[in-house]
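Enquirer: Numbering-wise, my numbering comes out as the position in the sequence shown, counting from 1, plus 1107.
Just so you know, even glycine gets a beta-carbon here, dropped at the ideal spot from N, CA and C.
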Amino acid sequence: MQNGSYLDKAADIAQNRKESGASALAALADIQNTEHYVSEEAVKKVAEIFETDSELLLRQARFFHVFSTQAGGKYKIRCCNGPCCTARGRDRIMEEIRKVTGIREGEITSKDGRFSLEGSGCLQGCASGLIMLVNDDRYSHVTAENVAEILKKYQ
């Protein structure tokens, strides 16, 4: 069960977006930006407000890689697992992220929840070398050698 204030915020956001003529997915994006994740209960609340099918909306939220349906760290690291990035050494990058943060894919780093790590579908930067996102900050040409320097900004 979700914290009441989280669901209250999600409901307020959804109601405001509905009144402005936006879509249910736009409401989910606003919740994601504000709360850093969109729980299944929040998706159901948004579906109720928008009078749409909650299972369909949940499938859409899971399909789009921008949505995280579980609470994560303050800084969400996403590393492209598309074929080009995998061929360019994604596994070495993931190992370096693990060394720097102490986490494995899908885990939270520490009790304070500073980092979470997720794989991601193609991040559409195939011509720019391996792509990594930290929240909304996009990094291209990521190598095992520059991971520590990138993540130092978020310590």
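When you compare only the Cα positions, how much space is there between I1238 and E1158?
Expert: Taking the straight line joining both Cα atoms gives about 37 Å.
Enquirer: Give me the Cα-Cα distance between M1201 and K1125, rounded to the nearest whole angstrom.
Expert: For M1201 and K1125, the distance between alpha carbons rounds to 39 Å.
Enquirer: If L1230 and I1210 are in contact, beta carbons under 8 Å, what's the gap, nearest whole angstrom?
Expert: With 8 Å as the limit, L1230 and I1210 do not qualify as a contact, their Cβ atoms being about 20 Å apart.
Enquirer: I'd like to know whether the C-beta atoms of V1150 and L1132 end up nearer to each other than 8 Å.
Expert: No, they are not a contact pair.
Enquirer: Looking at the unbroken alpha helix (DSSP H) that takes in I1138, where does it start and where does it end?
Expert: 1131 to 1142 is the span of the alpha helix (DSSP H), which, as asked, contains I1138.
Enquirer: Give every residue of the same chain whose Cβ lies closer than 7 Å to the Cβ of N1242, excluding the five residues on either side of it in the sequence, and list them in chain order.
Expert: Excluding residues within five positions, the ones whose Cβ falls inside 7 Å are Y1182, K1183.
Enquirer: Answer yes or no: do G1104 and A1118 have a C-beta to C-beta separation smaller than 8 Å?
Expert: Shown here, the chain extends from 1108 to 1262; a query on residue 1104 therefore has no answer.
Enquirer: In this structure, how does DSSP classify V1241 when only helix, strand and coil are distinguished?
Expert: It is a strand residue.
Enquirer: C1187 to S1235, Cα distance in whole Å?
Expert: If you take the alpha carbons of C1187 and S1235, they lie about 12 Å apart.
Enquirer: Less than 8 Å between the CB atoms is what I'm expecting for T1176 and V1207, so what's the real figure, rounded?
Expert: Wrong, their Cβ atoms sit about 25 Å apart, outside the cutoff.
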